[in-house]
Amino acid sequence: MDTYLLRELHASVGMFGDFTNFKDVIDHIFSTNNYKDALEIFGCDDIQDLTEQLVDDGGVFSEEKAQELCMDSLDGVSEDDYDPEAEWCDHQADELAGR
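First residue of the sequence shown? That's 0 in numbering that gives the first Met the number 0, and the numbers climb one at a time after it.
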């Protein structure tokens with residue numbers, strides 16, 4: 000199982016992460032924020048919007064869709080691919096190039 004870093008939460012998701020799955024991340028957002036703020040974090044206007052983003056074509060909760068939503072909304076990256084030093088080097092190269 001891969002491990003994912005959710006930079007907005009400073010938390011990881013995976014077998015040995017802060018959260019074992021993305022459903023738990025969504026539950027955490029709703030338990031630590033008021034309802035409207037939690038919906039805003041996920042870019043939803045109401046519970047119907049959230050539901051539509053989290054269920055598959057058969058109307059069943061999809062962990063894959065929950066992952067997609069959390070990764071997009073909480074600035075997530077695959078920890079296996081995440082290299083902060085590489086990002087720093089990219090930033091330095093951009094500055095030197097005047098970007």
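Yeah, the Cβ is synthetic: ideal placement off N, Cα and C, and Gly gets one too. These figures come from a predicted structure and were not determined experimentally.
Open item on the list: Taking the alpha-carbon of L73 as reference, which of A10, N20, T2 has the nearest alpha-carbon?
Closed with: A10
Task: V24, enclosing alpha helix (DSSP H) - first and last residue - done: 21 to 31
Open item on the list: So E62 and F21 are supposed to be a Cβ contact under 8 angstroms. How far apart are they, rounded?
Closed with: 6 angstroms
TODO: Could you pull out every residue in the same chain whose Cβ sits closer than 8 angstroms to the Cβ of I46, ignoring the five residues on either side in sequence?
DONE: L38
Task: Bounding residues of the beta strand (DSSP E) (the contiguous stretch that carries L5) - done: 3 to 5
Open item on the list: With DSSP as the reference, identify every bridge partner of F18, one or two as the case may be.
Closed with: As DSSP reads the structure, F18 sits in a beta bridge with V12.
Open item on the list: Please return the same chain residues whose Cβ sits closer than 7 angstroms to the Cβ of L68, not counting the five positions on each side in sequence.
Closed with: F41, Q52, L53
Task: Unbroken beta strand (DSSP E) run spanning S77, endpoints - done: 75 to 77
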